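Peer 1: Protein sequences appear in the order of chains X and U. Residue numbering for the first sequence follows our numbering, starting at 261 and increasing by one per position. Residue numbering for the second sequence follows our numbering, starting at 10 and increasing by one per position.
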Amino acid sequence: MALNPKGNLLVISISALLAAAMLIWESSVISARSRNIGPDRITSFEALPDPDAEFCATPGIESESLSAAIVAVEKRLPTTDGPVCAMPTVASSAVASAKAEAAVQAAPPQEGAPGAGTAYQARTREGQINKKPARYIKDFAPAFSSIAVNAENDMVVVTDENLFRIVEYSRRDNTPPNVAITEPRRVIGGPDTKTEMMCGAYIDPKTLDVYVTNNDTQNWMPVFSREARGNATPDRMLMTPHRTWGIAGDEQRQELYFTVQDPPLIIVYRKQAANNEAPRRFIEGDATELADPHGIALDLTRDLIVVSNHGHKRFYGGPAVSTLREAWETWISPTDDLNSPPRRRLPGLGQFDLPSITIYQRDASGNARPLRIIKGPRTQLNWPSHVGIHEQRGEIFVANDADDSVLVFKITDNGDVAPTRVIKGERARIKNPTGLTVDQRNNEVWVSNMGNYTISVFPVTAGGNVAPLRTIRGGPQDRVALMIGNPGAVGYDKKRQEILVPN
Amino acid sequence: MHDIRYNEVNDEIIVPNPFANAILVFRGGANGQEGPIRIIQGAKTELDGPDRLDIDTVHREIFVPDGGQVLVYPLDGNGDIAPIRIIRGPDTQIAGQSLAVDPINNLLAVTGRDRSLLIFDRTANGNTKPLRVIRGENTQIDRINQMAIYPQGRLLVAAMPGRQGDVEPPRVFLGMWSLDDDGDVAPKWTINGDQTTLRKPFAVALNPDHKEIYVTDMRLNGVMTFSVPEVFEPVAR
Numbered sequence: 261m262a263l264n265p266k267g268n269l270l271v272i273s274i275s276a277l278l279a280a281a282m283l284i285w286e287s288s289v290i291s292a293r294s295r296n297i298g299p300d301r302i303t304s305f306e307a308l309p310d311p312d313a314e315f316c317a318t319p320g321i322e323s324e325s326l327s328a329a330i331v332a333v334e335k336r337l338p339t340t341d342g343p344v345c346a347m348p349t350v351a352s353s354a355v356a357s358a359k360a361e362a363a364v365q366a367a368p369p370q371e372g373a374p375g376a377g378t379a380y381q382a383r384t385r386e387g388q389i390n391k392k393p394a395r396y397i398k399d400f401a402p403a404f405s406s407i408a409v410n411a412e413n414d415m416v417v418v419t420d421e422n423l424f425r426i427v428e429y430s431r432r433d434n435t436p437p438n439v440a441i442t443e444p445r446r447v448i449g450g451p452d453t454k455t456e457m458m459c460g461a462y463i464d465p466k467t468l469d470v471y472v473t474n475n476d477t478q479n480w481m482p483v484f485s486r487e488a489r490g491n492a493t494p495d496r497m498l499m500t501p502h503r504t505w506g507i508a509g510d511e512q513r514q515e516l517y518f519t520v521q522d523p524p525l526i527i528v529y530r531k532q533a534a535n536n537e538a539p540r541r542f543i544e545g546d547a548t549e550l551a552d553p554h555g556i557a558l559d560l561t562r563d564l565i566v567v568s569n570h571g572h573k574r575f576y577g578g579p580a581v582s583t584l585r586e587a588w589e590t591w592i593s594p595t596d597d598l599n600s601p602p603r604r605r606l607p608g609l610g611q612f613d614l615p616s617i618t619i620y621q622r623d624a625s626g627n628a629r630p631l632r633i634i635k636g637p638r639t640q641l642n643w644p645s646h647v648g649i650h651e652q653r654g655e656i657f658v659a660n661d662a663d664d665s666v667l668v669f670k671i672t673d674n675g676d677v678a679p680t681r682v683i684k685g686e687r688a689r690i691k692n693p694t695g696l697t698v699d700q701r702n703n704e705v706w707v708s709n710m711g712n713y714t715i716s717v718f719p720v721t722a723g724g725n726v727a728p729l730r731t732i733r734g735g736p737q738d739r740v741a742l743m744i745g746n747p748g749a750v751g752y753d754k755k756r757q758e759i760l761v762p763n
Numbered sequence: 010m011h012d013i014r015y016n017e018v019n020d021e022i023i024v025p026n027p028f029a030n031a032i033l034v035f036r037g038g039a040n041g042q043e044g045p046i047r048i049i050q051g052a053k054t055e056l057d058g059p060d061r062l063d064i065d066t067v068h069r070e071i072f073v074p075d076g077g078q079v080l081v082y083p084l085d086g087n088g089d090i091a092p093i094r095i096i097r098g099p100d101t102q103i104a105g106q107s108l109a110v111d112p113i114n115n116l117l118a119v120t121g122r123d124r125s126l127l128i129f130d131r132t133a134n135g136n137t138k139p140l141r142v143i144r145g146e147n148t149q150i151d152r153i154n155q156m157a158i159y160p161q162g163r164l165l166v167a168a169m170p171g172r173q174g175d176v177e178p179p180r181v182f183l184g185m186w187s188l189d190d191d192g193d194v195a196p197k198w199t200i201n202g203d204q205t206t207l208r209k210p211f212a213v214a215l216n217p218d219h220k221e222i223y224v225t226d227m228r229l230n231g232v233m234t235f236s237v238p239e240v241f242e243p244v245a246r
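#1: Which bits of chain X does residue 82 of chain U rub up against, with CB to CB less than 7 angstroms?
#2: Just mark residue 522 of chain X as buried or exposed, buried being the case when its beta carbon has 16 or more other beta carbons within 10 Å.
#3: Residue 237 of chain U versus chain X: which residues are under 7 angstroms apart at the beta carbon?
#4: Name the DSSP bridge partner or partners of residue 572 of chain X?
#5: For the alpha helix (DSSP H) containing residue 54 of chain U, list its first residue and its last residue.
#6: With distance defined between alpha-carbon atoms, name the residue in U:38, U:71, U:68 and U:27 nearest to residue 57 of chain U.
#7: Check each residue of the region 517–544 of chain X: if its Cβ is closer than 7 angstroms to any Cβ of chain U, include it; give the result in chain order.
#8: On the three-state DSSP scale, how would you describe residue 61 of chain U?
#9: Roughly how many angstroms lie between the CA atoms of residue 718 of chain X and residue 621 of chain X, to the nearest whole one?
#10: Given that residue 422 of chain X touches chain U, what residues does it touch there, using C-beta distances under 9 angstroms?
#11: With 16 as the cutoff for other CB atoms within 10 Å, does residue 578 of chain X come out buried or exposed?
#12: With 16 other CB atoms within 10 Å as the buried threshold, where does residue 686 of chain X fall?
#13: Using a 10 Å radius around the Cβ and a threshold of 16 neighbouring Cβ atoms, would you call residue 192 of chain U buried or exposed?
#14: Tell me whether residue 116 of chain U is buried or exposed, calling it buried when 16 or more other Cβ atoms sit within 10 Å of its Cβ.
#15: Strictly below 8 angstroms CB to CB, what residues from chain U border residue 769 of chain X?
#16: List, from N- to C-terminal side, the alpha helix (DSSP H) runs of 4 residues or more that fit wholly inside the region 452–501 of chain X.
#17: For residue 43 of chain U, collect the residues of the same chain with a Cβ closer than 8 angstroms to its Cβ; drop the 5 residues on either side in sequence, then sort them by chain order.
#18: Taking residue 181 of chain U as the reference, give the member of U:159, U:189 and U:153 with the closest Cα.
#19: Let me see if you follow: with CB-CB separation under 8 angstroms, is residue 482 of chain X close to chain U or not?
#20: What did DSSP end up calling residue 618 of chain X once you bin it into helix, strand or coil?
#21: Just how far apart, CA to CA, sit residue 88 of chain U and residue 119 of chain U?
#22: Could you name the residues of chain U that residue 611 of chain X contacts, counting a contact when the two beta carbons are closer than 7 angstroms?
#23: Please return the same chain residues whose Cβ sits closer than 6 angstroms to the Cβ of residue 623 of chain X, not counting the five positions on each side in sequence.
#24: I'd like to know whether the C-beta atoms of residue 174 of chain U and residue 396 of chain X end up nearer to each other than 8 angstroms.
#25: Quick check for students: name the residue ranges of the beta strand (DSSP E) that lie wholly in the region 163–216 of chain U, counting only runs of 3 or more.
#26: Look up residue 635 of chain X in the DSSP assignment and give the residues it is bridged to.
#27: Start and end of the beta strand (DSSP E) containing residue 511 of chain X?
#28: List, in order along the chain, the chain U residues whose C-beta lies closer than 7 angstroms to that of residue 753 of chain X?
#29: Give, in chain order, every residue of the region 174–198 of chain U whose Cβ lies closer than 7 angstroms to some Cβ of chain X.
#30: Determine the contact status of residue 93 of chain U and residue 84 of chain U, defining contact as a CB-CB distance below 8 angstroms.
#31: With residue 589 of chain X as the anchor, note down where its beta strand (DSSP E) starts and where it stops.
#32: Can you find a CB in chain U that lies within less than 8 angstroms of the CB of residue 573 of chain X?
#33: What does residue 519 of chain X pair with, by DSSP beta-bridge criteria?
#34: CB residue 619 of chain X to CB residue 564 of chain X, shorter than 8 angstroms?
#35: What span of residues does the beta strand (DSSP E) with residue 91 of chain U cover, start to end?
Structure below.
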């Protein structure tokens, strides 16, 4: 993910942060403070403990807005003899409240257990430093990213980008306020599942197989059967390009559609494609106006593809030109490569364009122009993520991540148009919605909120500051999620004594 | 976004954006949906999907590894500007995924071909050979993500998350080498092992004042602080 500095809306992002640092020292329970810069999950944590303090720092509870963030703090290490403070394990965590405790309990069994790499004995000249961290910032509750619903079979499948799990609920689940969390009825997670930063989900309506996309740490699309549970090996895997994000299925034509963030493209496979199979076609090139595409949905009634774009753009000077010198199957096979499709692009050029919804003919290919583009300040688009379509109503629903809202457009909208309806406000409790799907059978919109551990269900006619029909909660109530996901870098702000974490 | 650096002299935050081919500079106190104060972007920049960077606040430069080259811009650069130096060419051996600059000892560490670390003079330009090359089985390098330098200790610290594509890589660690190391040498120190619980260390930042190293772990989606005073020992040269 990246920053979008342009337009009225987005600009940088150091997002959310705050956090829930779970630092534990004996039974101490302490909160820390943090800030988010924008929606791109740059997080800054403060404040660092006084190095001269005898114990792990206790910054205190600084902000009610971060009420749930952090739970405890360890004693600092006064010497080099090893840590005094214990790591926050599931078993040992002392939590501030029953809600936080529920979040910790929600962590999968493997959380805190040693990974394969922890056993490695490094060869060194002066020593392998094997000690517990003095402090540890982590949210032990899920970060719900994408969502898929099969109403006929009462399946709600959600991907969890924090704990690397696929969880399944009943569509009738509704977490009461006085209940810690709703336990999922099925969990798929673990190293054998080949899942990490899962950002897209699809349910095969016939087999009920679950398809998930990994974004930029694993270049696979694993498929799991209805029976898969726990650390299950996928029933099938398709090697997908680096930075694959959204997924949509066309059951009529037996095809799968994916978005790839960069190089920006729509890629279409045979539905049963597996292993290193090549795609059937691409949609890419300057004319497509694809710009960091994310969500994708199909209108099979009107034969349309609908795609959301964050707006980050590079240029080809026309159609995209592949510089691949070998067959796709050969190129994509090595699993230790990034597998980012090589394209010849104009050097140096880039642009921060406004976010958009681009609409194409379903059979579009190559450097195809969109039929329509919804883009402009009136649209309120701000990091549009997953999209859904209600074909009978002729409406597009957009999870508007950085605006904490769901936008509804007409499928015929074009240009700088205001949404028909906006679901947003305190009663709606939408927070950093990334996942969205439409249950056309029951006329419901399902939203997964990465920012507050919840899944919200609204009627398709909802608009304004309305409460959801039902809410499934997987973590503490009224707590802002930490939203650390794929933290690829870290910085230190010496002036403010803050740790900066982009995601 | 795979790098972030804080400029304590000007109180600014600098990040790369590969999807829009840009380097963004924000106020140090930026919060919420606040825009950058400067953007380096455009045809003259020669940027090609910048993923990482480092800054030199002494000589006021930004270093960007970009494929097989390193692009250098002025720290105050803005708009469509050309690099002031480019290290590129077959003699450089640069693979260019990551780098760290040492403004005190005037050195630049860059990831190189065949899982290596290349040490250049900070002012290197053109098709320049590295001063030293750290490469070989003893290095135990599989992949290097973010790097940082502790100039007073002439120490390079690199986050090594294991092989790309491994869900739980068998060989992960935070590796530390002297900037004077050369050849097939094991790290001076590593941070890894069961006590650390590190599974996929993606990034590293240093805080010499508190003698701490901050590490993000992708597999844990967490941020760890290691207190390692033994590492922050100045060395004479």
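Here a beta-carbon is modelled for each residue, glycine too, at the ideal position from N, C-alpha and C. Just so you know, these numbers come straight off a predicted model, no measurement behind them.
Peer 2: So, to answer that:
#1: Correct list: empty, because the minimum Cβ distance to chain X is about 12 angstroms.
#2: buried
#3: By Cβ distance, chain X contributes 389.
#4: DSSP output for residue 572 of chain X lists X:612 as bridge partner(s).
#5: Element bounds for residue 54 of chain U: n/a, residue is neither H nor E.
#6: Closest in alpha carbon position to residue 57 of chain U, among U:38, U:71, U:68 and U:27, is U:27.
#7: 521 and 522
#8: coil
#9: Cα to Cα, the separation comes out at about 29 angstroms.
#10: 230
#11: exposed
#12: Classification of residue 686 of chain X: exposed, given that the 10 Å Cβ count is below 16.
#13: exposed
#14: Buried, by the Cβ-count rule.
#15: Outside the shown range of chain X, which is 261 to 763, sits residue 769 of chain X, and nothing can be said about it.
#16: none
#17: 35 and 36
#18: U:153
#19: With 8 angstroms as the cut-off, residue 482 of chain X does not count as an interface residue toward chain U.
#20: strand
#21: Looking at the two C-alpha atoms, the distance is approximately 26 angstroms.
#22: 29
#23: none
#24: With contacts defined as CB atoms closer than 8 angstroms, residue 174 of chain U and residue 396 of chain X fail to qualify as a contacting pair.
#25: 164–169, 182–187, 198–200 and 210–216
#26: X:616
#27: Per DSSP, residue 511 of chain X belongs to no beta strand (DSSP E) and is neither H nor E.
#28: 15 and 37
#29: Answer set for the region 174–198 of chain U: 174, 176, 177, 178, 179, 180, 181, 182, 195, 196, 197 and 198.
#30: no
#31: Here residue 589 of chain X belongs to no beta strand (DSSP E); instead the alpha helix (DSSP H) covers 588–592.
#32: yes
#33: X:526
#34: yes
#35: Where residue 91 of chain U is concerned, there is no enclosing beta strand (DSSP E), given that its DSSP letter is neither H nor E.
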